[in-house]
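So the sequence shown is numbered by the working numbering: it starts at 2 and just counts up by one.
Where is the CB? At the ideal position from N, CA and C, for every residue including glycine.
Just below is one structure, and these are the notes that go with it.
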Amino acid sequence: MPPVQPETPADTQRPGDSYVQSFARGLEVIRSFSAQAPQQTLSEVATRTGLTRAGARRILLTLQTLGYVDSDGKLFRLTARILDLGFAYLSSMPIWSLAEPVMEALVEEAKESCSAAVLDGTDIVYVWRVPTHKIMRNTLGIGSRLPAYCTSLGRVLLAGLDDEAVLRCLEANPPRALTRHTITDTQTLLTKIQQARKQGWSLVNQELEEGLLSLAAPIRDRAGRTIAALNLSGQVNRTSAKVAQEQLLPPLLRAAQTLSERLRLGQTG
């Protein structure tokens, strides 16, 4: 399922003199490129960002000079150098150097794909993924975004907030039905998130995509705060919700606990 990326005009927020508008506009231009728009004309970039053609052109040419954008004279596209920005985040966070071997061991044991994500506003962002060798329709990768309310990762991450913050999040991105199973009632969602907070895990059954089931558990820092979440996902035609809780949940909880303990101990290898 393609990531949901709401478009935001570059001029939305300017909090005082510390706000560098030109830099913010440059980021909006970068964010305008996606799986749905991997190549864009100057006019398309201007429309998607709310910039003038002249403003969009200056930013695109600056990014091109720096090597982050390429062009054939008509269409603009991001280059591989843009990955430096994302990998700077991954390399600056010690948790991700710890996560890969733990996630690989979990996939080997559970025989299902494993992902790690963080909360960003009303969305989750995938920061690490270890797929299984089974054929999966789910092609999400690092950097993909999904709504928090209808994913197991999102509900575990929202459970790390207080109820007031959860409600603000749900109001900021009103739930909509992505499948016939998606829960869209705010109070019901709040109850599900409270349940995830109490039990320490979440199961979401076909609310994001028909046939897809996922379990998630929190990764906590030294202060006990939920800073990320780990999940296992599979197809309901081979793994029912009952089987998932019996067979997948125990190793998932162990893996999340292992990562949390290593993070608290400050281990990086």
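Inset, instruction - Since I believe Asn232 is in contact with Leu154 (beta carbons under 8 Å), could you give me their beta-carbon distance rounded to a whole number of angstroms? - result: On the sequence shown, residue 154 is found 153 positions in, with the first residue counted as 1. On the sequence shown, residue 232 is found 231 positions in, with the first residue counted as 1. Contact flag correct, Cβ pair sits at about 5 Å.
Inset, instruction - Confirm, please, whether the CB-CB distance from Leu62 to Val30 is below 8 Å. - result: Position 29 of the sequence shown holds residue 30. Position 61 of the sequence shown holds residue 62. No, Cβ-Cβ distance for Val30 and Leu62 is not below 8 Å.
Legend entry - Inter-residue spacing [alpha-carbon to alpha-carbon] between Pro102 and Thr259: As a first step, residue 102 is located in the sequence shown; it is residue number 101 there, counting from the start. As a first step, residue 259 is located in the sequence shown; it is residue number 258 there, counting from the start. Pro102 and Thr259 have their C-alpha atoms spaced approximately 11 Å apart.
Legend entry - Cβ-Cβ distance between Arg156 and Ser114 below 8 Å: The residue you call residue 156 lines up with position 155 of the sequence shown. The residue you call residue 114 lines up with position 113 of the sequence shown. Against a cut-off of 8 Å, the Cβ pair of Ser114 and Arg156 comes out as no contact.
Inset, instruction - Would you please state the rounded distance, in angstroms, between the beta carbons of Leu266 and Ile220? I believe it to be under 8 Å. - result: Translated into the one-based positions of the sequence shown, residue 266 becomes position 265. Translated into the one-based positions of the sequence shown, residue 220 becomes position 219. 14 Å between Cβ atoms; not a contact.
Inset, instruction - Could you tell me whether the Cβ atoms of Leu253 and Leu216 are closer together than 8 Å? - result: One-based indexing of the sequence shown puts residue 253 at position 252. One-based indexing of the sequence shown puts residue 216 at position 215. Yes. Within cutoff.
Inset, instruction - Name the one or two DSSP bridge partners that Asp222 has. - result: Counted from its first residue, the sequence shown places residue 222 at position 221. For Asp222, which the question treats as bridged, DSSP gives no partner whatsoever.
Inset, instruction - Evaluate the contact criterion for the segment 64-78 versus the segment 37-44: three or more CB pairs, one atom per stretch, below 8 Å. - result: yes
Legend entry - Val119, enclosing beta strand (DSSP E) - first and last residue: Residue numbering aside, residue 119 sits at position 118 when the sequence shown is read from its first letter. Segment 114-121, the beta strand (DSSP E) holding Val119.
Inset, instruction - Along the beta strand (DSSP E) that carries Leu179, what are the first and last residues, could you check? - result: Within the sequence shown, numbered from 1, the residue matching residue 179 stands at position 178. No beta strand (DSSP E) holds Leu179; DSSP gives it neither H nor E.
Legend entry - Backbone secondary structure at Tyr20 - three-state DSSP: One-based indexing of the sequence shown puts residue 20 at position 19. In the structure shown, Tyr20 sits in coil (DSSP, three-state: anything other than H, G, I, E or B).
Legend entry - Limits of the alpha helix (DSSP H) - the one that Ser203 falls within: Here residue 203 corresponds to residue number 202 of the sequence shown, with the count starting at 1. Note, Ser203: premise wrong, no alpha helix (DSSP H); beta strand (DSSP E) at 203-206.
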